[in-house]
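Here's the structure we're looking at; comments come further down.
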Amino acid sequence: MSLSFFPHGMAFRLAFRRIAAKPLSSLLSALVVAIALTLPAVSYVLIDNLASLANGVTGKPEISVFLKKEVSADQALRVENRLRADKRIVALRFVPRDAALKQLAARGGFADVTGALSENPLPDAFILEPVGDDPQVFDTIRTSLTAMPEVQYVQLDSAWVERLHAAVELGHWVALLLAALLGTALVIVTFNTIRLQILTQRHEIAVSLLLGATRGFVRRPFLYFGLLQGLLGGVLAWAMVQGIVWLMAPRVQALARAYSIVVDLQGPSWWQVVALLVFAAGLGWVGAGLSVRRHLHDGAVD
Amino acid sequence: MIRFERVSKRYPGGYEALADVSFEIRHGELLVLAGHSGAGKSTLIKLIAGLETPTAGKVWVSGQDVGNLRQNQVPYLRRSLGLVMQEHRLLTDRTVFDNVMLPLLVTGYPPRDAAKRVRVALEKVGMSEFENAMPLTLSGGEQHRVAIARAIINRPSVLIADEPTAHLDPAYAREIAALFRSFHAAGVTILLATHDETLFSPYGARRIELAKGRLLA
Numbered sequence: 001m002s003l004s005f006f007p008h009g010m011a012f013r014l015a016f017r018r019i020a021a022k023p024l025s026s027l028l029s030a031l032v033v034a035i036a037l038t039l040p041a042v043s044y045v046l047i048d049n050l051a052s053l054a055n056g057v058t059g060k061p062e063i064s065v066f067l068k069k070e071v072s073a074d075q076a077l078r079v080e081n082r083l084r085a086d087k088r089i090v091a092l093r094f095v096p097r098d099a100a101l102k103q104l105a106a107r108g109g110f111a112d113v114t115g116a117l118s119e120n121p122l123p124d125a126f127i128l129e130p131v132g133d134d135p136q137v138f139d140t141i142r143t144s145l146t147a148m149p150e151v152q153y154v155q156l157d158s159a160w161v162e163r164l165h166a167a168v169e170l171g172h173w174v175a176l177l178l179a180a181l182l183g184t185a186l187v188i189v190t191f192n193t194i195r196l197q198i199l200t201q202r203h204e205i206a207v208s209l210l211l212g213a214t215r216g217f218v219r220r221p222f223l224y225f226g227l228l229q230g231l232l233g234g235v236l237a238w239a240m241v242q243g244i245v246w247l248m249a250p251r252v253q254a255l256a257r258a259y260s261i262v263v264d265l266q267g268p269s270w271w272q273v274v275a276l277l278v279f280a281a282g283l284g285w286v287g288a289g290l291s292v293r294r295h296l297h298d299g300a301v302d
Numbered sequence: 303m304i305r306f307e308r309v310s311k312r313y314p315g316g317y318e319a320l321a322d323v324s325f326e327i328r329h330g331e332l333l334v335l336a337g338h339s340g341a342g343k344s345t346l347i348k349l350i351a352g353l354e355t356p357t358a359g360k361v362w363v364s365g366q367d368v369g370n371l372r373q374n375q376v377p378y379l380r381r382s383l384g385l386v387m388q389e390h391r392l393l394t395d396r397t398v399f400d401n402v403m404l405p406l407l408v409t410g411y412p413p414r415d416a417a418k419r420v421r422v423a424l425e426k427v428g429m430s431e432f433e434n435a436m437p438l439t440l441s442g443g444e445q446h447r448v449a450i451a452r453a454i455i456n457r458p459s460v461l462i463a464d465e466p467t468a469h470l471d472p473a474y475a476r477e478i479a480a481l482f483r484s485f486h487a488a489g490v491t492i493l494l495a496t497h498d499e500t501l502f503s504p505y506g507a508r509r510i511e512l513a514k515g516r517l518l519a
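Okay, here's the thing in structure tokens:
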């Protein structure tokens, strides 16, 4: 180990030994940190699942293009070719009127209604996925589609998607706000833990300062302690989030089935786990730093 | 090496521990600072180590004005001094070996290389066989020896001891005095604050005396 990294290595080992020396108290402190982190983390993961679900159901905002009833199959094909040539459209799906009726009949409660019909009232339709996510572009596409002589009606299915995305966005912000609030609690917990440590190690600190220890030397083990405690809390929080998701998954799936939605509840992604651990460790470091700044001063020598 | 220029120290509440004290310790000198309890000996040592700042006057150590040192410079001043405090301040939850190694760790000395120096220091004070002992299992004299080993491990240019023979029986006190004599013979500047100056008089020590914070002529 090079000399410049040596003090950090020693401080890290010392901090690790302090945590290992009192396993129960370290575990309890880490659990407090973990519980504080779990609530926002679970919220974030669930909202992320909801966002994925929203994206999965809709992909992107769709435009439904209903053709006039008198449009023939050849004319519909020509319309399809024109649409496929349009660079603003990334995906296109033709829904023949017969298939549309079958889909309608397949939905609960509509079989009797469709059976009673003398003829199919539904038109042929195209479901388009426009490029990008700019609402102005969608409106332009709608206008140009409406102008086509074969087209009866164009429906832009983006309003409810926008509402859902706004709700998901709001959910993300609420989760982040919770994280900020409970992160403050984490800082306070670490602050107090380090305060108690400084009190119990006053003699050692005083002797070290007397022997020529720099403030950095004395401060470092406490900072690493805060970082390790935060990290341990982060790992426990991760385990709790995974556990909660695992417990919730079958119940959420049962609920989703009742709405004919397929849900595969996912735990945190790898980058969310990394973010959780960095966040926890960082806050532990900050809490320790504040405590050391507040409670550790040269007067400790006296 | 160490110079006091008209130094006064008044504590909050008005107690004047030192008043207009001036003296100098030259390089390689053995100086005994005599005086009764409460004369200001400990305050004088604290001023040298940067543990206190003078109310008036200047304290110079190796050309540095201690009172004007920046906070981040004070640790480096203390590393150049070997301090043996009256209550020796050993860490009771660590072995003798770990206590003596502490100044080296504080200065970033790698533990592997430090072990050899710790054993040399313990040998110098005759405590080699106690390296794995805990401080509380040692006698008062042995604890003092460990504190001295810890003070010399960084090879300080100045060794300062506050009542190094206090509460020791005469035999132990003579052993400690002989230890300081051997360090002085090796060229170390030594300042000993003691009320038992007779222990060091055979070694040709210069003597100054404090009384109620003032230096007696």
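The listed protein sequences derive, respectively, from chains L and E.
Per my numbering, the very first residue in the first sequence carries number 1; after that it's consecutive.
Per my numbering, the very first residue in the second sequence carries number 303; after that it's consecutive.
Glycine included, C-beta positions come from ideal geometry on N, C-alpha and C.
A quick note: this is a predicted structure, and the numbers were derived from the prediction, not measured.
Would you list the one or two residues that DSSP bridges to residue i?
i: Pro130/L; result: Ile89/L
i: Ser310/E; result: Ala358/E
i: Arg542/E; result: The displayed coordinates of chain E run from 303 to 519. Any statement about residue 542/E would go beyond what the structure contains.
i: Tyr153/L; result: Phe66/L
i: Thr491/E; result: Val460/E
i: Leu518/E; result: Glu511/E
i: Ala125/L; result: Phe66/L and Val95/L
i: Arg305/E; result: Glu326/E and Trp362/E
i: Glu318/E; result: Arg312/E
i: Asp498/E; result: In DSSP, Asp498/E forms no bridge with anything.
i: Asp367/E; result: Trp362/E
Among the options, which has the Cα closest to the Cα of residue i?
i: Ala275/L; options: Ser291/L, Leu296/L, Gly230/L and Ala100/L; result: Gly230/L
i: Leu265/L; options: Phe16/L, Asp48/L, Leu31/L and Ala41/L; result: Asp48/L
i: Pro96/L; options: Ala73/L, Ala51/L and Val218/L; result: Ala73/L
i: Leu92/L; options: Ser64/L, Gly234/L, Ala280/L and Ala105/L; result: Ser64/L
i: Ala68/L; options: Phe126/L, Ala213/L and Leu27/L; result: The question names Ala, yet the displayed sequence has Lys at residue 68/L. Looking at the Cα atoms, Phe126/L is the closest of the given residues.
i: Met148/L; options: Glu80/L, Ala51/L and Pro23/L; result: Glu80/L
i: His295/L; options: Arg219/L, Asp134/L, Tyr153/L and Val137/L; result: Arg219/L
i: Ala525/E; options: Ile450/E, Pro437/E and Val386/E; result: This structure cannot settle anything about residue 525/E, because the visible part of chain E is limited to 303 through 519.
i: Pro61/L; options: Leu53/L, Gly132/L and Ala288/L; result: Gly132/L
i: Ser459/E; options: Glu389/E, Ala488/E and Asn434/E; result: Ala488/E
i: Ala321/E; options: Leu332/E, Ala336/E, Thr345/E and Ser364/E; result: Thr345/E
i: Ala51/L; options: Phe191/L, Gly171/L and Arg293/L; result: Gly171/L
i: Glu477/E; options: Leu371/E, Ile450/E, Ala495/E and Leu406/E; result: Ile450/E
i: Lys87/L; options: Phe225/L, Glu129/L, Leu199/L and Leu117/L; result: Glu129/L
i: Leu494/E; options: Leu518/E, Pro466/E and Gly515/E; result: Pro466/E
i: Arg419/E; options: Ile454/E, Pro437/E and Arg447/E; result: Ile454/E
i: Leu333/E; options: Phe432/E, Leu424/E, Ile492/E and Arg380/E; result: Ile492/E
i: Leu424/E; options: Leu404/E, Leu440/E and Arg447/E; result: Arg447/E
i: Tyr44/L; options: Ser269/L, Glu119/L and His8/L; result: Ser269/L
i: Arg40/L; options: Ile244/L, Leu77/L, Ile89/L and Gly284/L; result: Correcting the residue type first, residue 40/L is Pro in the shown sequence and not Arg. Out of Ile244/L, Leu77/L, Ile89/L and Gly284/L, Ile244/L has the C-alpha closest to the C-alpha of Pro40/L.
i: Val323/E; options: Gly442/E, Lys343/E and Thr500/E; result: Lys343/E
i: Leu506/E; options: Leu349/E, Gly330/E, His390/E and Ser310/E; result: The question names Leu, but residue 506/E is Gly in the sequence shown. When only C-alpha atoms are compared, the closest one is Gly330/E.
i: Thr409/E; options: Leu117/L, Phe217/L and Ala254/L; result: Phe217/L
Residues of chain L with a CB under 7 Å from the CB of residue i: which are they?
i: Val408/E; result: Ser208, Leu211, Gly212, Ala213 and Phe217
Going along chain E in order, which residues have a C-beta closer than 8 Å to the C-beta of residue i?
i: Pro7/L; result: Gly410
Kindly list, in the order they appear in chain E, the residues whose Cβ is closer than 9 Å to that of residue i.
i: Met240/L; result: Correct list: empty, because the minimum Cβ distance to chain E is about 35 Å.
Against residue i, what residues of chain L qualify as contacts under a CB-to-CB distance less than 8 Å, listed in chain order?
i: Pro437/E; result: By Cβ distance, chain L contributes nothing, its closest Cβ being about 12 Å from Pro437/E, past 8 Å.
Against residue i, what residues of chain E qualify as contacts under a CB-to-CB distance less than 7 Å, listed in chain order?
i: Met248/L; result: Result: empty, since nearest Cβ-Cβ is about 47 Å, beyond 7 Å.
Can you find a heavy atom of the ligand NAD that lies under 7 Å from the Cβ of residue i?
i: Phe126/L; result: Of the ligands one can find in the structure shown there are none, so the ligand NAD has no counterpart to examine.
Q: Kindly provide the ranges of any beta strand (DSSP E) runs that are 3 or more residues long and lie completely inside the region 320–355 of chain E, ordered along the chain.
A: Uninterrupted beta strand (DSSP E) stretches at least 3 residues long and entirely within the region 320–355 of chain E occur at 332–337, given in chain order.
Q. Listed in chain order, which residues of the region 191–208 of chain L have Cβ atoms closer than 8 Å to some Cβ of chain E?
A. Shown in chain order are the members of the region 191–208 of chain L whose Cβ falls below 8 Å from a Cβ of chain E: His203, Glu204, Ala206, Val207 and Ser208.
**Q.** Residues within the region 360–379 of chain E neighbouring chain L, beta-carbon criterion of under 9 Å
**A.** Those residues of the region 360–379 of chain E that come within reach of chain L (Cβ to Cβ, closer than 9 Å) are Gln373, Asn374, Val376, Pro377, Tyr378 and Leu379.
Q: List in chain order: all unbroken alpha helix (DSSP H) runs of 4+ residues lying wholly within the region 159–234 of chain L.
A: Correct list: 159–200 and 202–210.
Q. What runs of the alpha helix (DSSP H), each 4 residues or longer, lie entirely inside the region 369–437 of chain E?
A. Secondary structure remark: continuous alpha helix (DSSP H) runs of at least 4 residues inside the region 369–437 of chain E, in chain order: 376–381, 398–408 and 413–426.
Q.
If the cut-off is 7 Å on Cβ atoms, which residues from the region 382–406 of chain E count as contacting chain L, listed in chain order?
A. Flagged, chain order: Leu385, Arg391, Leu393, Leu404 and Pro405.
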